[in-house]
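A.B. asks: Residue numbers (our numbering), protein chains in the order written: chain V, 1 to 378; chain E, 1001 to 1378. Dumping the structure here so I can ask a few things about it.
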C-alpha cells in the first residue's frame, strides 16, 4: 500500500517546472538526525512542554547569531518571534492586523499562494506594477491617495515569481511611504540568504519606526517539512503576536522542532548546508537560463536570476500559458501559468519556472518539451 | 545566562494550581528520542519536504488505528486532518468557518483561552448554562430561536474547567439540534483518552450528517511542545481545511513532527505511556479532592473528576476569587479565577484547579495555602 506523504505527487514521466520547492534530493536527513540526537540527549525535556510564546530563548539567540552573520547586519534576539513557517506567519498577520474587506497591496505579479491566504481572510487585494528595480514606487504613491491599505505584501529580494530585487533607493522610499501613510510592510524575505553573490540587506534593515514585519523561514534554507520560521520586527510590533489568543492557548508555535533546529545552529551545521545549496542552485539556474536562451529566445524574455528559486518567462501577448497547459501536460511538462500570480486576472502570457527542484539535466529536458509546444503555437 | 524556554515561569516557592498543563516531570524525553532515532534512520527524507495537505498518510493510518483502539469505535483514516495542535485547529476553524461579528455559542464556564482565540477573530460569544449532565440542551434550543450561531464550541468529556461529561442523551440531542439549525459543533475532545474509568464515546461518534468537527491533540497524551493534533470529521467537512490557502502554501501542518510521532505509534509506545499518565492523574486527582474535602468543605463545593485535568471549585457567592489573588500570591499559591471562564463576566466565586501538573504532596500543600486565605475571608 502506498499513501501520500508529501505535498507533491508528480507522475514519474512529468517534469513540473512550475513546482516551487527545494530539491528533494538535497533534503538534509543526516544533518537533522545529528541535531535531533544532540538535542534529545541533553536530558532537558523543556522542548516537550508548552513553549515560551515568543519562542525558545536559546533558539532565538542561536537564530539571531546566524542571521547577524547571514544578513551582515546585527539582528537582535528580542526582535525575533518564532512561527510555524512563513505561510502561518502570513495567516496570523491577516488574523491580527486586518479584517475582511480591508485592502492589501501586492506586487503584480505576486506570490500566488499568499493571494489565496488573503482571500481566506476576506481581504481585498490591489496589485501594483513592478519594473526592473522591483515595485514601482511612484504608482504606489499614487494609489495611496486612493486607498488606505492595512499592509503591503512584498518579496523584496529574489522575488517570487519574478526573481527581481528591490533597489536600495526604493527600499528607503517604500519604508518612508509606510510611515507617512501608516501601513505595515509585510516583507517575505525567505530567499534573502539564497543569493548567488552579495545582495542588499533585507528590507527590515531599512525599518525606522516599526512599520516593517520581516518574514523568514527554514523552508528554503533547511527543510520545508519542519514548519519553522520567524517574524523579525521591533518588539512593540511583535507584542500583539506574542500575546494573542492562539499563543496564549497553545504556547510557542513549534517548541519541539525549534529545539532540534537550535542544535543545527549551535553545532554550526547550517552555514555549510546553505553554502552547498547556493552552489547547486546557481548551477541549476545557469542550466535553466542557458536552455531557455537556446530553445526559447525567439518567443520569450526573462531576467537572469541572481538568487532565489525562479525564472519569470514573458511570452508574446498572443500566447495564453494557461490555455497551453493541457498540451504541455501531454508533452509531460508543466509550468505555473502567470495568471495565478496576478491580483487582476492578467499576466496570461507569463509563466513561472523553478530551478531549485530538478537537476540541470531535467531542467534542460523540461525546457525542450516546453519549447516544442510553444514553438508549434508561435 | 538563563533564557525563557517554556511558557510557564513559576517562582520556585509558588504552587500555581491554576496552571493547566501536563506534569513536566512526566514529559517522555526517552520515548521521543527512541521514536526520532527510529524515524530518522529509515533513510526516507519525505518528512523534511512540504507535506501532504491532509497530513502524512502513514501517520494518519497509525493515528486512526490508535484512536480506534482508544475510542473503542472505528476511526477512518480519511476522516482525519492533521493540525499543529488544538489551538491552531480552533484558529483555522475561526478563519474558514466564521467572520467577524458572527455568533459562537460556548458553555458557561468555557475554556478561557478558546474565548481569547474567538475574540481575536472578532466573533461574538454567547454562553450557555451547564448542569451536572453538561450543556443545558433546553436553554440551547431556546437560544436557537434568538440566534443563528456559526458554531457551538464544547468540551464534551472531562470538561475544561468543570470536569463534567455531557450525557449520551444530550449528545444525541445536541447533534440533532445542530442538524435542524444548521450549525457546526466544534468538539474539543482533547481529554477523551484521559478517563480514570470507561467513558462515553467521543461526540464525533454521534455525528450523523457532518455537523461535528472533533478536535484532538497530542498535547495532553504525549507532549504539548510537539504542536501536533488533528480534526476528525466527515471528508466533505474537512475538504475546506485541506484545500485552504494556508495549506496550499505551506503544505501539511507538521510533517517533521508527525513523522516522528508516526514512529511513536508504530512502535506502540503511546498506549503504555497514556496508561501511566492515567494512573498518575487518578492518584493526583484523589489527593487534590481529598485535600479539598479536608480543608475547604465548609466554603466550597465541587464535582469529583472522572478524568481530564481539572477540579472546578464553587465558593459561596460572597467570595470573589479574582479579588483574592493578590493575597493568594502572598501566600505562594495561585488558582485560575472563574471569571476568566465566563463569556459574560460572571462566575466570580469560582476557581479552576489542575491536578495534572503537580504531584500529590504539592497539591495538598497548595490546597492548605488556598484554604488559609479563603477561611480567613469567610
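Glycine residues also receive a C-beta, built at the ideal position from the N, C-alpha and C atoms.
Starting from the beta carbon of residue 32 (chain V), find every residue of chain E whose beta carbon is closer than 7 angstroms, and list them in chain order.
C.D. replies: Here the neighbours are 1040, 1048.
A.B. asks: Would you report the Cα separation of residue 1015 (chain E) and residue 1362 (chain E), rounded to the nearest angstrom?
C.D. replies: In a straight line, the C-alpha of residue 1015 (chain E) is about 7 angstroms away from that of residue 1362 (chain E).
A.B. asks: Rounded to a whole number of angstroms, what is the C-alpha to C-alpha distance between residue 201 (chain V) and residue 169 (chain V)?
C.D. replies: In a straight line, the C-alpha of residue 201 (chain V) is about 12 angstroms away from that of residue 169 (chain V).
A.B. asks: Do residue 50 (chain V) and residue 1007 (chain E) come within 9 angstroms of each other at the CB atom, strictly closer than that value?
C.D. replies: Going by C-beta atoms, residue 1007 (chain E) is nearer than 9 angstroms to residue 50 (chain V).
A.B. asks: What number of angstroms, rounded off, separates the C-alpha of residue 29 (chain V) from the C-alpha of residue 103 (chain V)?
C.D. replies: Those two C-alpha atoms are separated by around 42 angstroms.
A.B. asks: Who are the neighbours of residue 1052 (chain E) on chain V, taking C-beta pairs under 7 angstroms?
C.D. replies: Neighbours of residue 1052 (chain E) on chain V, chain order: 4, 5, 6, 7.
A.B. asks: Which runs of the alpha helix (DSSP H) at least 4 residues long sit entirely within the segment 1289–1337 of chain E? Give them in chain order.
C.D. replies: Counting only runs of 4 or more, we get 1321–1330.
A.B. asks: Taking a Cβ distance cut-off of 8 angstroms, strictly less, list which residues of the segment 121–141 of chain V are near chain E, in chain order.
C.D. replies: Result list: 121, 122.
A.B. asks: Have a look at residue 1230 (chain E) and residue 1026 (chain E) and give me their C-alpha separation to the nearest angstrom.
C.D. replies: Approximately 23 angstroms, taken between the alpha carbons.
A.B. asks: For residue 1163 (chain E) versus residue 1305 (chain E), is the C-beta spacing smaller than 9 angstroms?
C.D. replies: It is a contact, given that the beta carbons lie within the stated cut-off.
A.B. asks: Mind pulling the chain E residues with CB within less than 8 angstroms of residue 338 (chain V)?
C.D. replies: Here the premise fails: no neighbours, minimum Cβ distance about 18 angstroms.
A.B. asks: Taking residue 1073 (chain E) and residue 1205 (chain E) to be in contact with their CB atoms under 8 angstroms, please state how far apart those CB atoms are, rounded to whole angstroms.
C.D. replies: Indeed they touch by this definition, with Cβ atoms about 5 angstroms apart.
A.B. asks: Note down, in chain order, all residues in the segment 1215–1238 of chain E with a beta-carbon under 7 angstroms from any beta-carbon belonging to chain V.
C.D. replies: Result list: 1223, 1224, 1225, 1226, 1227.
A.B. asks: Under 6 angstroms Cβ to Cβ from residue 1129 (chain E), same chain only, skipping five residues before and after it: list those, please.
C.D. replies: Cβ within range, chain order: 1108, 1136, 1139.
A.B. asks: How about residue 126 (chain V) and residue 115 (chain V): do their beta carbons lie closer than 9 angstroms?
C.D. replies: Not a contact, by the Cβ cut-off of 9 angstroms.
A.B. asks: What does residue 1117 (chain E) touch in chain V if you count any residue whose Cβ is under 7 angstroms from its own?
C.D. replies: Those are 245, 246, 249, listed as they occur along chain V.
A.B. asks: Give, in chain order, every residue of the segment 257–272 of chain V whose Cβ lies closer than 7 angstroms to some Cβ of chain E.
C.D. replies: Within the segment 257–272 of chain V, the qualifying residues are 257.
A.B. asks: Could I get the ranges of all uninterrupted alpha helix (DSSP H) runs contained in the segment 136–194 of chain V, with 4 residues as the minimum, in chain order?
C.D. replies: Runs found: 137–143, 168–181.
A.B. asks: Which stretch, first to last residue, makes up the beta strand (DSSP E) that contains residue 341 (chain V)?
C.D. replies: Run containing residue 341 (chain V): none; DSSP gives neither H nor E here.
A.B. asks: Can you name, in chain order, every residue of its own chain whose Cβ lies under 6 angstroms from the Cβ of residue 1091 (chain E), other than the five neighbours on each side?
C.D. replies: So the list reads 1117, once near-sequence residues are dropped.
A.B. asks: I'd like to know whether the C-beta of residue 58 (chain V) is nearer than 9 angstroms to at least one C-beta of chain E.
C.D. replies: Yes, residue 58 (chain V) counts as interfacial toward chain E.
A.B. asks: Where does the unbroken beta strand (DSSP E) through residue 1103 (chain E) begin, and where does it stop?
C.D. replies: Segment 1103–1108, the beta strand (DSSP E) holding residue 1103 (chain E).
A.B. asks: Just by C-beta distance, which residues in the segment 1083–1100 of chain E are closer than 9 angstroms to chain V?
C.D. replies: Answer in chain order: 1084, 1085, 1086, 1087, 1088, 1090, 1091, 1092, 1094, 1095, 1096, 1099, 1100.
A.B. asks: To the nearest angstrom, how far is the alpha carbon of residue 1299 (chain E) from that of residue 264 (chain V)?
C.D. replies: When rounded, the distance between both Cα atoms is 54 angstroms.
A.B. asks: Taking Cβ-Cβ distances shorter than 9 angstroms, what residues in chain E pair up with residue 24 (chain V)?
C.D. replies: Neighbours of residue 24 (chain V) on chain E, chain order: 1045, 1046, 1048, 1049.
A.B. asks: Tell me whether the beta-carbon of residue 194 (chain V) lies closer than 9 angstroms to the beta-carbon of residue 215 (chain V).
C.D. replies: Contact flag unset, no.
A.B. asks: Can you grab the Cα-Cα spacing for the pair residue 1269 (chain E) / residue 36 (chain V), in whole Å?
C.D. replies: Straight-line Cα distance between these residues: approximately 19 angstroms.
A.B. asks: From E:1123, E:1274, E:1308, pick the residue whose C-alpha is nearest to that of residue 1286 (chain E); which is it?
C.D. replies: Closest option to residue 1286 (chain E), Cα to Cα, is E:1308.
A.B. asks: Which first and last residues belong to the alpha helix (DSSP H) in which residue 209 (chain V) is found?
C.D. replies: Taken as a continuous stretch (DSSP letters only), residue 209 (chain V) belongs to no alpha helix (DSSP H), as it is neither H nor E.
A.B. asks: Once the 5 residues before and after residue 77 (chain V) are set aside, which same chain residues still bring their CB inside 6 angstroms of it?
C.D. replies: Once the five neighbours on either side are set aside, the close Cβ partners of residue 77 (chain V) are 60, 61, 64.
A.B. asks: From which residue to which residue does the alpha helix (DSSP H) around residue 4 (chain V) run?
C.D. replies: Careful: residue 4 (chain V) lies outside any alpha helix (DSSP H) and carries neither H nor E.
A.B. asks: Out of E:1154, E:1018, E:1345, E:1371, state which residue places its alpha-carbon closest to the alpha-carbon of residue 1310 (chain E).
C.D. replies: If we check each option's Cα against that of residue 1310 (chain E), E:1018 comes out closest.
A.B. asks: Going along the segment 60–81 of chain V in order, which residues come within less than 9 angstroms of chain E, judged by CB to CB distance?
C.D. replies: Per Cβ criterion, the list reads 60, 61, 77.
A.B. asks: Just the Cα atoms here: how many angstroms apart are residue 1326 (chain E) and residue 256 (chain V)?
C.D. replies: Looking at the two C-alpha atoms, the distance is approximately 34 angstroms.
A.B. asks: Between the Cα of residue 69 (chain V) and the Cα atoms of V:34, V:198, V:111, which residue gives the shortest distance?
C.D. replies: The candidate whose alpha carbon is nearest that of residue 69 (chain V) is V:198.
A.B. asks: Between residue 1036 (chain E) and chain V, is any beta-carbon pair separated by less than 9 angstroms?
C.D. replies: It does; some Cβ of chain V falls within 9 angstroms.
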